[in-house]
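Numbering (the UniProt record's numbering), first residue to last: 1 to 299.
Cβ coordinates follow ideal geometry from the N, Cα and C atoms, glycine included.
These numbers come from a predicted model, not from an experiment.
Read through the structure below, which is laid out as structure tokens, and then see the notes.
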């Protein structure tokens with residue numbers, strides 16, 4: 001589903017002084033380390049380790065920390081990762097009621113674009129959206145070359161009650177996973193067709209985001225900006241382009257998730273064994289990021 005731009009991959013490697021052989025050595029170092037960590041539930045696949053190395057600028061120590069957190073955080077905030085049965089009613093309803101997908105082609109070859117739009121008001125379940133959001137991350141670890149993300153939200157069919165689900169607690173948890181696990185950089189947050197009550201959400205975001213990240217939020221009264229953002233052949237036809245429709249893109253995303261059903265069921269059950277951890281975990285480091293609503297920096 002994800003089309004990796006080899007030129008972008010090469011430029012990223014060169015920017016950090018790496019080549020394929022060196023990255024392979026880095027992967028082996030991480031795998032060897034994982035095999036010495038009795039608390040970790042598995043040894044990660046090479047392609048996923050490569051993504052974690054890339055996301056952490058090929059720092060071996062930072063990569064170790066993020067991979068450890070990838071497993072650890074599932075016990076700390078399990079409600080964020082509750083996608084264990086893709087045939088359940090709530091996921092069927094999510095795709096029935098909401099357009100939610102990533103575009104298959106990265107913008108400028110590097111930026112993965114998420115898209116969210118309810119089909120009708122008062123149908124959004126934010127926690128279910130977040131559940132699927134991080135299920136998509138599982139796919140990207142295997143198929144994508146993860147650099148940074150752009151998020152587009154069309155508020156045309158959002159109601160005030162939908163937006164009020166965005167509490168400081170749930171928003172902080174969401175951004176904390178971005179930072180604490182994936183170290184992913186949010187390049188832009190583009191909100192289109194914004195009603196006046198979008199200010200409720202903006203206030204929450206301002207409270208939990210670092211100022212530098214908050215400045216990347218764009219608010220638009222209509223969706224005209226999308227015509228400048230996407231090439232005509234990639235802009236969904238729902239917005240006047242020649243690309244696939246929102247229904248097609250949504251269907252493709254749902255199909256891809258079902259391809260990963262076994263992995264999603266497996267990873268849902270994975271937990272670290274804290275009694276076997278070589279060094280005691282600093283709970284403040286995990287719980288502090290959302291318990292005290294510290295501002296989250298995702299860059």
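Within a Cβ cutoff of 8 Å, which residues of the same chain sit near residue 171, ignoring the five residues on either side of it in sequence?
Here the set comprises 204, 205, 208.
Exposed or buried, what is residue 15 when buried is set at 16 or more other beta-carbons lying within 10 Å of its beta-carbon?
With fewer than 16 other Cβ atoms within 10 Å, it is exposed.
Neighbour-count burial assignment, residue 94, 16 or more Cβ in a 10 Å radius:
With 16 or more Cβ atoms within 10 Å of its Cβ, residue 94 is classed as buried.
Would you mind giving the Cβ-Cβ distance between residue 100 and residue 132, rounded to the nearest angstrom? I have them listed as a contact below 8 Å.
Going by Cβ atoms, the distance from residue 100 to residue 132 rounds to 6 Å, so yes, they are a contact pair.
Specify whether the stretch 100-112 and the stretch 242-262 touch according to this definition: at least 3 beta carbon pairs, one from each stretch, less than 8 Å apart.
With contact defined as three or more Cβ pairs closer than 8 Å, the stretch 100-112 and the stretch 242-262 are in contact.
Expressed to the nearest angstrom, what Euclidean distance is found between the alpha-carbon atoms of residue 11 and residue 42?
Distance between the alpha carbons of residue 11 and residue 42 is about 31 Å.
Could you spell out the range, first to last residue, of the alpha helix (DSSP H) harbouring residue 254?
Going by DSSP, residue 254 is part of the alpha helix (DSSP H) stretching over 246-259.
6 Å CB neighbourhood of residue 38 in its chain, flanking five on each side removed
If we look at residue 38 and ignore the five residues flanking it on each side, its Cβ neighbours are 276.
Could you tell me the distance, in whole angstroms, from the CA atom of residue 274 to the CA atom of residue 75?
Distance between the alpha carbons of residue 274 and residue 75: 10 Å.
Nearest neighbour of residue 230, chosen from 53, 112, 139 [CA to CA]:
In terms of Cα proximity to residue 230, the closest of 53, 112, 139 is 112.
Taking the alpha-carbon of residue 54 as reference, which of 13, 77, 70 has the nearest alpha-carbon?
Distances from the CA of residue 54 to each of 13, 77, 70 were compared; the closest alpha carbon is that of 13.
State the beta-bridge partners of residue 112 as determined by DSSP.
Answer by DSSP bridge pairing, in chain order: 149.
Alpha carbon to alpha carbon, how far is residue 167 from residue 290? Give it in angstroms, no decimals.
Reliability fails at residue 290, whose pLDDT of 40 lies under 50, so the model's placement of it is uncertain and the value that follows must be treated cautiously. Roughly 11 Å separates the two Cα atoms.
Can residue 220 and residue 191 be called in contact, C-beta distance under 9 Å?
When the beta-carbon positions are compared, residue 220 and residue 191 come within less than 9 Å of each other.
For residue 33, tell me which candidate among 56, 18, 65 has the shortest Cα-Cα distance.
For residue 33, the closest of 56, 18, 65 by C-alpha to C-alpha distance is 65.
Residue 148 vs residue 186 beta-carbon contact at 9 Å
In this structure, residue 186 lies closer than 9 Å to residue 148 by Cβ.
Give me the Cα-Cα distance between residue 50 and residue 140, rounded to the nearest whole angstrom.
A straight-line Cα-Cα distance of about 12 Å links residue 50 and residue 140.
Are residue 150 and residue 226 close, meaning C-beta to C-beta below 9 Å?
No Cβ-Cβ contact shorter than 9 Å links residue 150 with residue 226.
Compute the distance between the beta-carbons of residue 173 and residue 130, then report whether it is under 9 Å.
A contact, by the Cβ cut-off of 9 Å.
For residue 202, which residues from the same chain have a beta carbon less than 6 Å from its beta carbon, with the 5 sequence-adjacent residues on both sides left out?
Result list for residue 202: empty, nothing under 6 Å.
Taking the DSSP output, what are the residues bridged to residue 185?
As a beta-bridge residue in DSSP terms, residue 185 pairs with 148.
Name the residue from 67, 81, 6, 25 whose alpha carbon lies nearest to the alpha carbon of residue 266.
Comparing alpha carbon positions, the residue from 67, 81, 6, 25 closest to residue 266 is 81.
Does the Cβ of residue 122 have 16 or more other Cβ atoms within 10 Å, making it buried, or fewer, making it exposed?
Around the C-beta of residue 122, fewer than 16 other C-beta atoms lie within 10 Å, and the residue is accordingly described as exposed.
Starting from residue 218, trace the beta strand (DSSP E) both ways and give me its first and last residue.
Counting along the chain, residue 218 sits inside the beta strand (DSSP E) bounded by residues 217-219.
Which value, in whole angstroms, describes the spacing of the CA atoms of residue 69 and residue 169?
Cα to Cα, the separation comes out at about 19 Å.
Ordered along the chain, which non-local residues of its own chain (more than five positions away) have a Cβ less than 8 Å from that of residue 177?
Cβ neighbours of residue 177 beyond the five flanking positions: 73, 77, 80, 134.
Three-way DSSP call (helix, strand, coil) for residue 78 in this model:
Residue 78 sits in a helix when the DSSP states are folded into three classes.
I believe residue 143 touches residue 1 by the beta-carbon criterion, under 8 Å. Please report the beta-carbon distance rounded to the nearest angstrom.
Their Cβ separation, rounded to whole angstroms, is 6 Å, which keeps residue 143 and residue 1 in contact under 8 Å.
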